[in-house]
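K.L.:
Note that the protein sequences, when read in sequence, are chains A and B.
The first sequence runs 11 to 426 under the numbering used here.
The second sequence runs 26 to 364 under the numbering used here.
All C-beta atoms in this analysis are idealised placements derived from N, C-alpha and C, irrespective of residue type, glycine included.
Pasting in a structure now, in structure tokens, and then I'll have a few things to ask.
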Amino acid sequence: MNFKKKLTLVGAMTVVAAFALAACSADVSPSGGADGAKEKIYINLSYSGNNWQDEGANLAMAVAQAPEVAAKYDVQKVISGSDPQKQISDLQSMIASGAKLIVLYPISPTALNPVIQQGCDAGVTFVAYDGTVEAPCAWNISYITGARTENPEKAFFGAQTAQALVDLLGGTGEVMMNRGVAGTSTDTVHYDTAMSVFNEYPGIEVVNEFYGNWDSSVSQQETAKALAAHPGVDGIWSQAGEDGVIKALEAAGMEIPVTGENSNYLREKLSAGWPGVSSGSAPAQGGVAVKLGLKILADGADSVPKDIEMPLPWVTTETAKVCPDAEFVDGCNFFSQADDSFVTEIFEKNVLPESSYTAATTGAPVSALQALPSMDTLVQPESRRIYTRGVCDAGWTPGPVEEGQVPAGLPGCVKE
Amino acid sequence: MTHLTTRTEGFEVDSHDHVSWPHRLRTYMGTSGGQAALMWALVILLVPTSRLFSSNFPSAAMVNSTILLGLFLAVVAFGQGLVILSGGIDLSVPAAIALGAFFTGYLASQGLPTPLAIILGLLTSSLVGLVNGIIVSSTNFPPFIVTLAVGTIGAALLLGLSQGQPGQNSPPELVALFNGDLNVLGAAPSLIMLLAVLILGYLIQSRTTFGRSVYAIGNSIRAARIAGIRVRLSAFLVYWVAGIAYGLAGVLLLGYGSGSDLNIGNSWLLPSIAVVVVGGSSISGGTGNYSGTVAAALLITLLSIDISAAGFPEGVKQVLYGAIVLLALLLSKIGGGRR
Numbered sequence: 011m012n013f014k015k016k017l018t019l020v021g022a023m024t025v026v027a028a029f030a031l032a033a034c035s036a037d038v039s040p041s042g043g044a045d046g047a048k049e050k051i052y053i054n055l056s057y058s059g060n061n062w063q064d065e066g067a068n069l070a071m072a073v074a075q076a077p078e079v080a081a082k083y084d085v086q087k088v089i090s091g092s093d094p095q096k097q098i099s100d101l102q103s104m105i106a107s108g109a110k111l112i113v114l115y116p117i118s119p120t121a122l123n124p125v126i127q128q129g130c131d132a133g134v135t136f137v138a139y140d141g142t143v144e145a146p147c148a149w150n151i152s153y154i155t156g157a158r159t160e161n162p163e164k165a166f167f168g169a170q171t172a173q174a175l176v177d178l179l180g181g182t183g184e185v186m187m188n189r190g191v192a193g194t195s196t197d198t199v200h201y202d203t204a205m206s207v208f209n210e211y212p213g214i215e216v217v218n219e220f221y222g223n224w225d226s227s228v229s230q231q232e233t234a235k236a237l238a239a240h241p242g243v244d245g246i247w248s249q250a251g252e253d254g255v256i257k258a259l260e261a262a263g264m265e266i267p268v269t270g271e272n273s274n275y276l277r278e279k280l281s282a283g284w285p286g287v288s289s290g291s292a293p294a295q296g297g298v299a300v301k302l303g304l305k306i307l308a309d310g311a312d313s314v315p316k317d318i319e320m321p322l323p324w325v326t327t328e329t330a331k332v333c334p335d336a337e338f339v340d341g342c343n344f345f346s347q348a349d350d351s352f353v354t355e356i357f358e359k360n361v362l363p364e365s366s367y368t369a370a371t372t373g374a375p376v377s378a379l380q381a382l383p384s385m386d387t388l389v390q391p392e393s394r395r396i397y398t399r400g401v402c403d404a405g406w407t408p409g410p411v412e413e414g415q416v417p418a419g420l421p422g423c424v425k426e
Numbered sequence: 026m027t028h029l030t031t032r033t034e035g036f037e038v039d040s041h042d043h044v045s046w047p048h049r050l051r052t053y054m055g056t057s058g059g060q061a062a063l064m065w066a067l068v069i070l071l072v073p074t075s076r077l078f079s080s081n082f083p084s085a086a087m088v089n090s091t092i093l094l095g096l097f098l099a100v101v102a103f104g105q106g107l108v109i110l111s112g113g114i115d116l117s118v119p120a121a122i123a124l125g126a127f128f129t130g131y132l133a134s135q136g137l138p139t140p141l142a143i144i145l146g147l148l149t150s151s152l153v154g155l156v157n158g159i160i161v162s163s164t165n166f167p168p169f170i171v172t173l174a175v176g177t178i179g180a181a182l183l184l185g186l187s188q189g190q191p192g193q194n195s196p197p198e199l200v201a202l203f204n205g206d207l208n209v210l211g212a213a214p215s216l217i218m219l220l221a222v223l224i225l226g227y228l229i230q231s232r233t234t235f236g237r238s239v240y241a242i243g244n245s246i247r248a249a250r251i252a253g254i255r256v257r258l259s260a261f262l263v264y265w266v267a268g269i270a271y272g273l274a275g276v277l278l279l280g281y282g283s284g285s286d287l288n289i290g291n292s293w294l295l296p297s298i299a300v301v302v303v304g305g306s307s308i309s310g311g312t313g314n315y316s317g318t319v320a321a322a323l324l325i326t327l328l329s330i331d332i333s334a335a336g337f338p339e340g341v342k343q344v345l346y347g348a349i350v351l352l353a354l355l356l357s358k359i360g361g362g363r364r
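This is how it looks when you write it as structure tokens:
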């Protein structure tokens, strides 16, 4: 009895101590003492534990800790997990501790609106990357509505990769679709825009669609199951997790066109002759978001438009090229030393040329920042605003966009 | 539940003619052995019935996928099954799987020979089970909460340790097990592994002293103690052995995916519980048969393949999956199994 009571007491004390330790290490408490000369930047993640999130956060940290930035700002990374309430409460703590700039990966486009508005009223600058927020005072940078660099009319990852797949198949064939996490706006946009392309070709039949949850292992298993049912499929359209799709195809002994996102494995296969295209979400957005935030702090809120589009990466069988070492040289676009699910788009020649493999895997500070190009090249057209902000700008109204965008006829915003 | 019950193994009456065969069948179905037999019958029945879901079924590819994906589920369900058998439940599955996969991949990439990397990876994943076992066996805390907390801590520690490199490549030997290059006596390695897991798991659970003691403590801790079983040690061992099983699943998944990231274990927790219960084990502990669990793993995997093949929308797929688990529970209740 006595022993049990002692054990329970020790157990309870351990739990309390663990909480105290956790609270301390989250360390967003009001700046204890400290010089007060340096202002605070926070990098706030929600999800974590996969390559994409790690690389995005590392790049953000690498930029924020560059010597010229570290001289003026203290940077801290906070991981909130996948619970919106936790991210809201972490943001409140950051605001209370006097943050100047918060670069965040939002767990939801709407759940954070009140706390972001609170922060804006207190003078905090918010920049959301990859995922977007609807709060009007925050800046968004995302690839979701992004366009091809050589032809900015060609927009939307889902549509562009679907078109590429159709072209690789010559306009006819059976295709399967590997989607992301069901119910998310990102998955919906990619899928809807891809279907609008597939629907234009009577010779293309979508025989199966499944949810790989943007995860390599789940994608591999789901693809294996679908291949068993449709051994005659001609091509696969995929969101993230396409490295698993390819592995399932290899196990089944099939080499058919695959379009997907930016895993190292896909690009390795492309460079070996596998037909397909690599595009999609770039972890580089994390680093670019910090650069945008720093520009806002330096040049004022008007120097950066509220809605920025990250250009769509685009690597094909012809253009996939291995990097000799850890740097991006000669137009190379993947690494031999990275693991298969490493997301290769950690570099963008115009907006994030200072990145490297080391920065993405370790967060080591970059040596110097390069200036951002003109904002005109990065601003999101008003016609696509509804996808990232949920509403159209003033003077614009929801409607199909027929001009200036390929594919035509997608829902968007049109001038009143 | 700690009341004493009499358990029926096999037929409870002798061969008097006047006992009707429906009664005998019903009695047999009420046992976990009967439940297991039902599961195997359903699996075998479902193979030709798959034709209803897709004109390309049944096929060799379908069977191979079922065996392969069912293997992972069977390994995870072995650990979960032991824990449930002892009267608990284990929510630390995702963390243990991820630890096993991560450390095996990491150590192998650092130059350790693959077998050593695997053993160390298993030991690391078993640490989660170790802590679970220590806490559950020496306190009154409910296993639900303990395993949830320990699993969360384990996952968080792994997140911290793996900063920047959550993805790990797999040692080539593990990849070779799954990529179709190897061939043991003409059968795929996954089939051999499934048979090995089935036999070993069944023997450990039903034929060793350890396994018998788990049944005993699942039925009644008091009675077990009176019978001289070292309850604390058995309770501890259950969680530790389960941790090793989850780590093994992680190692296999690492080979299958020729790589892993930290979320690799996330999709296996709930299916492992479903499979254990559908396979005939009581959720409150004390009864169960690993053969039934393996059959249930194959059954649920095959059903999931069929449902995917039929091309239903995702929502319908999820509804069907849940309905089937409920149906299996209902069937076992009708069969008279103890719930």
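Quick check on T120/A: buried or exposed, where buried means 16 or more other Cβ atoms within 10 Å of its Cβ?
P.N.:
exposed
K.L.:
Express the C-alpha separation of C402/A and A81/A in angstroms, rounding to a whole number.
P.N.:
40 Å
K.L.:
In whole angstroms, what separates the C-alpha of V209/B from that of P196/B?
P.N.:
20 Å
K.L.:
Under DSSP, the beta strand (DSSP E) around I112/A begins and ends at which residues?
P.N.:
109-114
K.L.:
Please state if the CB of L111/A and the CB of L304/A are separated by a distance shorter than 9 Å.
P.N.:
yes
K.L.:
Can you check which of these residues, S45/B, H48/B, L63/B, is closest to L356/B by C-alpha distance?
P.N.:
Nearest option by C-alpha distance: L63/B.
K.L.:
What residues of chain B sit near A238/A, judged by a beta carbon separation below 8 Å?
P.N.:
N81, F82, S84, A86, M87, N89, S90, I330, A334
K.L.:
Just to confirm the assignment, what range does the beta strand (DSSP E) spanning F338/A have?
P.N.:
Here F338/A belongs to no beta strand (DSSP E), and DSSP marks it neither H nor E.
K.L.:
Can you grab the Cα-Cα spacing for the pair A192/A / N223/A, in whole Å?
P.N.:
7 Å
K.L.:
Three-state secondary structure (DSSP) at Y211/A?
P.N.:
coil
K.L.:
Kindly list the residues whose CB is nearer than 6 Å to the CB of I332/B, restricted to its own chain and excluding five residues on each side of it in sequence; keep chain order.
P.N.:
K342, L345
K.L.:
For I289/B, return the contacting residues in chain A, with the cut-off set at a CB-CB distance below 7 Å.
P.N.:
S227
K.L.:
State the Cα-Cα distance for the pair A374/A and F97/B, rounded to the nearest angstrom.
P.N.:
38 Å
K.L.:
Closer than 9 Å, CB to CB, is F352/A near chain B or not?
P.N.:
yes
K.L.:
Does the stretch 184-191 of chain A come close enough to the stretch 240-258 of chain A to have 3 or more Cβ pairs within less than 8 Å?
P.N.:
Yes: the two stretches touch, three or more of their Cβ pairs being nearer than 8 Å.
K.L.:
Shortest alpha-carbon distance to Q230/B belongs to which of V200/B, Q135/B, A270/B, L278/B?
P.N.:
A270/B
K.L.:
Measure the alpha-carbon distance for I144/B versus G280/B and round it to whole angstroms.
P.N.:
Spanning the alpha carbons of I144/B and G280/B requires a straight line of approximately 15 Å.
K.L.:
To the nearest angstrom, report how far apart G341/A and A67/A are at their CA atoms.
P.N.:
24 Å
K.L.:
Are three or more beta carbon pairs between the stretch 387-394 of chain A and the stretch 167-179 of chain A nearer than 8 Å?
P.N.:
no
K.L.:
With a threshold of 8 Å on Cβ separation, who are the neighbours of V217/A within its own chain once the five nearest residues in sequence on each side are excluded?
P.N.:
E184, V185, M186, H240, V243
K.L.:
In chain A, which residues lie less than 8 Å from G282/B when you measure between Cβ atoms?
P.N.:
S226, S227, Q230, G254, K257
K.L.:
Can you check whether the C-beta of V217/A is within less than 9 Å of a C-beta belonging to chain B?
P.N.:
yes
K.L.:
Quick one: give me the first and last residue of the alpha helix (DSSP H) that S99/A is part of.
P.N.:
94-106
K.L.:
By a C-beta neighbour count over all protein chains shown, 10 Å radius and 16 as the cutoff for buried, is D206/B buried or exposed?
P.N.:
exposed
K.L.:
Measuring alpha carbon to alpha carbon, tell me which of G263/A, A76/A, L302/A ends up nearest V361/A.
P.N.:
Comparing alpha carbon positions, the residue from G263/A, A76/A, L302/A closest to V361/A is L302/A.
K.L.:
Would you mind working out which of T18/A, L122/A, E49/A, L19/A sits nearest L307/A, comparing C-alpha positions?
P.N.:
E49/A
K.L.:
Of the residues that make up the stretch 321-348 of chain A, which ones have a beta carbon closer than 7 Å to any beta carbon in chain B?
P.N.:
Within the stretch 321-348 of chain A, no residue qualifies.
K.L.:
Pairing CB atoms from the stretch 59-76 of chain A with CB atoms from the stretch 347-362 of chain A, are three or more of them under 8 Å?
P.N.:
Touching, yes.
K.L.:
Could you tell me whether the Cβ of Y221/A comes closer than 9 Å to any Cβ of chain B?
P.N.:
yes
K.L.:
Measuring only the C-alpha atoms, how far is V79/A from V73/A?
P.N.:
8 Å
K.L.:
Let me know if P23/A comes out buried or exposed under the rule of 16 or more other beta-carbons within 10 Å of its beta-carbon.
P.N.:
First, the amino acid is wrong: residue 23/A is Met here, not Pro. When all chains shown are included, M23/A counts as exposed.
K.L.:
If you drop the 5 nearest sequence neighbours on each side, which residues of the same chain put their C-beta closer than 7 Å to that of A44/A?
P.N.:
Interpretation of A44/A is limited by its pLDDT of 47, a score under 50 that renders its predicted location unreliable; no figure is taken from the coordinates.
K.L.:
Is the closest heavy atom of the ligand GDP to the C-beta of A81/A under 8 Å?
P.N.:
Among the components of this structure there are no ligands whatsoever, and the ligand GDP is therefore not found.
K.L.:
At a CB-CB cut-off below 8 Å, which residues of chain B make contact with P241/A?
P.N.:
N81, S84, A86
K.L.:
Within 10 angstroms of the Cβ of G200/A, are there 16 or more other Cβ atoms? Answer buried if so, exposed if not.
P.N.:
Reading off the sequence shown, one finds His at residue 200/A, where the question assumed Gly. The residue is buried, with at least 16 neighbouring Cβ atoms inside 10 Å.
K.L.:
Q188/B by DSSP, collapsed to three states: which one?
P.N.:
coil
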